[in-house]
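Just so you know, the sequences run in chain order A and B.
Sequential numbering of the first sequence, starting at 503, is according to this note's numbering.
Sequential numbering of the second sequence, starting at 2, is according to this note's numbering.
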Amino acid sequence: KQEVTQIPAALSVPEGENLVLNCSFTDSAIYNLQWFRQDPGKGLTSLLLIQSSQREQTSGRLNASLDKSSGRSTLYIAASQPGDSATYLCAVRPNTGKLIFGQGTTLQVKP
Amino acid sequence: GAGVSQSPRYKVAKRGQDVALRCDPISGHVSLFWYQQALGQGPEFLTYFQNEAQLDKSGLPSDRFFAERPEGSVSTLKIQRTQQEDSAVYLCASSLAEINTGELFFGEGSRLTVL
């Protein structure tokens, strides 16, 4: 059974720091991996989608990597800003088609 | 529409009442998913539609939960005889592609509180 784990559960950093959020999954047979952002009381906003054949994707200050063989993905946020404060969710897409989510990392960026 | 639209955004129900939650996916999207998110947790899969066909309902927690997408666009998640443990945010997502591929786009969710 596929399980997704995100570490740390919560993170607080001063503005301007570069930071890394970690995601691990137990079954490497996935089609893709997607990172989402969730603001309090809101839905999920897709940040980056990495297909299984890819190793990384970049969007602005965000970079996500995927190492399928070791079951790991990282989300790198450069020069963090208070507006980056949110919960970040990692989800993998196994061959059953349904996304399986981690518990999320709640990020607070202090001004 | 521009994004996935869900209604109502908030619903308070007394225990035992039936509720219906609506999802309008992005126009033309083939795949539609329902997820349940408890407070402080990641979303948990409930059910999946490809067009009007419900291909996977393995995540529905009991037979009180029922979902339909009769014309392959709008979907309704119905919960009968609601219980307190049904309190959660119900998220709908759609994808242009069929199962396995493609990016999922989520709505804002419907927050259900059962008293």
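Beta carbons are placed, not taken as given, at the ideal position from N, Cα and C, and that holds for glycine.
In three-state terms, what does DSSP make of residue i?
i, result
"residue 558 of chain A", "strand"
"residue 504 of chain A", "coil"
"residue 86 of chain B", "helix"
"residue 586 of chain A", "helix"
"residue 52 of chain B", "coil"
"residue 75 of chain B", "coil"
"residue 553 of chain A", "strand"
"residue 7 of chain B", "strand"
"residue 59 of chain B", "coil"
With a 10 Å radius around its C-beta and 16 neighbouring C-beta atoms as the bar for buried, classify residue i as buried or exposed.
i, result
"residue 594 of chain A", "buried"
"residue 85 of chain B", "exposed"
"residue 17 of chain B", "exposed"
"residue 13 of chain B", "exposed"
Would the C-beta of residue i count as close to the ligand NAD, meaning under 7 Å from any of its heavy atoms?
i, result
"residue 571 of chain A", "Among the ligands in the structure shown, none appear at all, so the ligand NAD cannot be discussed."
Whose Cβ in chain B lies nearer than 7 Å to the Cβ of residue i?
i, result
"residue 591 of chain A", "43"
In chain A, which residues lie with their C-beta within 7 Å of the C-beta of residue i?
i, result
"residue 91 of chain B", "Chain A residues near residue 91 of chain B: none, gap ~11 Å exceeds 7 Å."
"residue 109 of chain B", "544, 545"
"residue 69 of chain B", "Within chain A, no residue comes near residue 69 of chain B; the closest Cβ sits about 18 Å away, beyond 7 Å."
"residue 25 of chain B", "Correct list: empty, because the minimum Cβ distance to chain A is about 13 Å."
Quick one: what's residue i bridged to in DSSP?
i, result
"residue 114 of chain B", "B/13"
"residue 97 of chain B", "For residue 97 of chain B, which the question treats as bridged, DSSP gives no partner whatsoever."
"residue 593 of chain A", "A/536, A/603"
"residue 523 of chain A", "A/577"
Just to confirm, is the Cβ distance from residue i to residue j under 8 Å?
i, j, result
"residue 578 of chain A", "residue 565 of chain A", "yes"
"residue 69 of chain B", "residue 548 of chain A", "no"
"residue 508 of chain A", "residue 576 of chain A", "no"
"residue 527 of chain A", "residue 505 of chain A", "yes"
"residue 94 of chain B", "residue 34 of chain B", "yes"
"residue 568 of chain A", "residue 587 of chain A", "no"
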